Each structure stands twice: as C-alpha cells, then as structure tokens.
Amino acid sequence: MTIEGKVALVTGGARGIGLGIARRLAADGASIALVDVNNDKLGAAAEAIDAIGRPVTTFVADVADRDQVYAAVDHAERELGGFDIMVNNAGIAQVNPILEVTPEEVDRIVGINIEGVLWGIQAAAKKFQAREQKGKIINASSIAGHEGFAMLGVYSATKFAVRALTQAAARELAASGITVNAYCPGVVGTDMWVEIDERFAALTGAKKGETYDKYVGGIALGRAETPEDVAAFVSYLAGPDSDYMSGQAVMIDGGMIYR
Ligand SMILES: NC(=O)C1=CN([C@@H]2O[C@H](COP(=O)(O)OP(=O)(O)OC[C@H]3O[C@@H](n4cnc5c(N)ncnc54)[C@H](O)[C@@H]3O)[C@@H](O)[C@H]2O)C=CC1
Ligand SMILES: CC(=O)C(C)=O
0 MTIEGKVALV TGGARGIGLG IARRLAADGA SIALVDVNND KLGAAAEAID AIGRPVTTFV
60 ADVADRDQVY AAVDHAEREL GGFDIMVNNA GIAQVNPILE VTPEEVDRIV GINIEGVLWG
120 IQAAAKKFQA REQKGKIINA SSIAGHEGFA MLGVYSATKF AVRALTQAAA RELAASGITV
180 NAYCPGVVGT DMWVEIDERF AALTGAKKGE TYDKYVGGIA LGRAETPEDV AAFVSYLAGP
240 DSDYMSGQAV MIDGGMIYR
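Per numbering that gives the first Met the number 0, residue 0 is the first one in the sequence shown, and the count goes up by one each step.
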C-alpha cells in the first residue's frame, strides 16, 4: 500500500493497459479518475475499480483537446479531493506504409499521441504547482519509441516524441519536485493489437494472427505481455520507491529490445 490515499488519473482508462494500470493503482490504495474519449466502456471500468474498494470517478475527454484535459484534471481533484499521479496512457496505433500516409492521418495520431501527452504533462504539472505539492507524471511510450518498425513509422515517431517530452519535462519540473518517466511496453494483447493485426492483414495479405504471432515470437520470455505486467512497473513509478528517478523511458517488454 505505497500510494494509499493518493489520487491517480489514468487517460485511456476504459480498457486495455490503462484499465490494467487503474486496477493496480487502486489495489495499491489510490483513488482513481478514469478518463477516456469512449464513454461506452467507462461504466464497466469504474465498476471494476469500485469492486477493489477504492473511490473512482469517470470523465469523458479527448486528450488531443487541451481544454478537455485540463477539465479532466480539475474534475479528478474536485471529485476525489486531491491530485497526485497523472498517467498519460491514451494513444492510438496506425499501420501505414511511409509512402502512403496522409496529412490527415498524421494530424490525428500526432494530436492524440504527442499533444495528448503534452497537455497531460502541462495540466498535471500546473495542478501540482498550484497545490504546492510534489507529483508523479507517467507517460506511455513503447518499444516503438526506441526503434522504428515497418508500417508503424508515424506511430513510432510519436512514441519517440513521448520520450523527448518526458526528458524535457523531467528537467523543467524537477525544481518543483515533480518526476516524469515513461513506460515502454512490447506486445500487449489488447484491442490495439487486434486492430494492428487486422490492418497488417489487409495491407500485406498476412493471415489473421500472423503478424501478432511474429511479434510475440521475438519476445525472449516467450509470451505476450499483459496489462498487469505493464501495471506492475507503473505501480513502481507511481510510488515513493521511484522518487529518485526522473526522465527515464524504460522497456517492459519481456526482453525484445535492448538499450
Ligand atoms: N498494446 C500494445 O502492445 C502497446 C501499447 N502501447 C501504448 O499503451 C497505451 C495503451 O495501449 P492499449 O491499452 O493497448 O490500447 P487500446 O486501444 O486497447 O486502449 C486505448 C484506450 O485509449 C482510449 N483513447 C484513444 N484515443 C483517445 C483520446 N483521443 N482521448 C482519450 N482516450 C483515448 C481508447 O478509447 C481506449 O480506451 C497506448 O498509448 C499505446 O500506444 C505501447 C506499447 C505496446
Ligand atoms: C503497439 C506498439 O507499441 C508496438 C507495435 O510496438
């Protein structure tokens, strides 16, 4: 119970890795604000946190919209009585050959994966500063934030950018007692990967499941990652044991990429 009584906001918290992180932080003792653009799954996600026995609130917001991210942070503070941990997890994938990607597709993924993290860092840091308290900011990068993958070029670029924002913010915010770190998952068996696999199949003629299996085949530990694997590391980043760590983007990928 290292974060007992703290308030954590998780973007993209309605499903997948975000929900896994929210569940773990709740089990660690935090109150949880679940923020997502998709209202449909927020109710069930909140019920899962409620079942753990921690206070939970939900807020519908598009992280690409700065005002909505600020409103989400205000909502968390107001409903849960504090604000301590910001997890900028929301993101989308995009499978496209470099030669075919369109300006509209680039705008969309940059808006969510880069600006979404930027607005999250900004809103959270300003809230911590206004409350004159320390805080933890934790961002979703990826193995694709360390290596550019074929057909995932623009997605990879956004995840490299998350590392850059993490490093710059860590330096700028250290004097305020705010740490900023990132987690870099490998191949997590969420809906995102179902969509990636389907898009690879449509573009390359690969069989359903073939691309996913190929990627999982590159994992030294021999199995796909679970949201719980990611959440265990985020729990460390959210808690006091990581107080002397900032500006890092750490691979939690079963041994796929070595840096
Ligand atoms: N699944 C994987 O293998 C990996 C995922 N990641 C990253 O982890 C994060 C979570 O991924 P998954 O859980 O797998 O994805 P997912 O697609 O299963 O879930 C993402 C959640 O974010 C929400 N979301 C999407 N756009 C949003 C927006 N504009 N505003 C607010 N919420 C929005 C979705 O509604 C959904 O609930 C993403 O940033 C992703 O890039 C990184 C490495 C590997
Ligand atoms: C989804 C993702 O982050 C990959 C393919 O590295």
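Backbone N, C-alpha and C define an ideal beta-carbon position, used for all residues, glycine too. Note that the structure is predicted; figures quoted are calculated from it, not measured.
| message | At a cut-off of 7 Å, would you count I142 as near ligand 2, judging by its Cβ distance to the nearest heavy atom? | response | yes
| query | Using the C-alpha atoms, what's the distance from G188 back to F199? | reply | 16 Å
| message | Pairs of beta-carbons, one from the segment 226-235 and one from the segment 175-185, closer than 8 Å: are there three or more? | response | yes
| said: Please state whether the Cβ-Cβ distance between G115 and T10 is less than 8 Å. | reply: yes
| Looking at G115 and ligand 1, is the gap between the Cβ and the nearest heavy atom below 7 Å? | yes
| Taking just the CA atoms, how far does L24 sit from A48? | Reading off the sequence, residue 48 comes out as Ile, not Ala. The straight-line gap from Cα to Cα measures roughly 9 Å.
| message | Going by C-alpha to C-alpha distance, which of V55, I120, A60, P96 sits closest to G147? | response | P96
| Does the beta carbon of A63 fall short of 7 Å from some heavy atom of ligand 1? | yes
| request: May I ask you to check if the CB of F199 is nearer than 7 Å to at least one heavy atom of ligand 2? | output: no
| 8 Å Cβ cutoff met for G119 and V193 | no
| said: As a quick exercise: from A129, G81, E224, Q132, pick the residue whose alpha carbon is nearest that of L8. | reply: G81
| said: Quick check on the DSSP output: the alpha helix (DSSP H) that includes L33 runs from which residue to which? | reply: No alpha helix (DSSP H) contains L33, which is instead part of the beta strand (DSSP E) from 30-35.
| query | What is the DSSP secondary structure of F127, counted as helix, strand or coil? | reply | helix
| query | Within 7 Å: the Cβ of M85 and any heavy atom of ligand 2? | reply | no
| message | For ligand 2, I want to know if F82 counts as a neighbour, meaning its beta carbon is within less than 7 Å of at least one of the ligand's heavy atoms. | response | no
| Anyone know if the C-beta pair for V186 and E224 falls short of 8 Å? | yes
| query | Relative to the alpha-carbon of T1, which residue among S155, R170, A26 has its alpha-carbon at the smallest distance? | reply | A26
| request: Using only the heavy atoms of ligand 1, determine whether one of them is closer than 7 Å to the beta carbon of N38. | output: no
| Skipping 5 residues on each side, what residues in its chain have a beta carbon closer than 7 Å to that of G152? | I97
| query | With DSSP run on the structure shown, which of helix, strand or coil describes P102? | reply | helix
| Nearest candidate by alpha-carbon position, reference G12, set Q166, V34, Y257, G144 | V34
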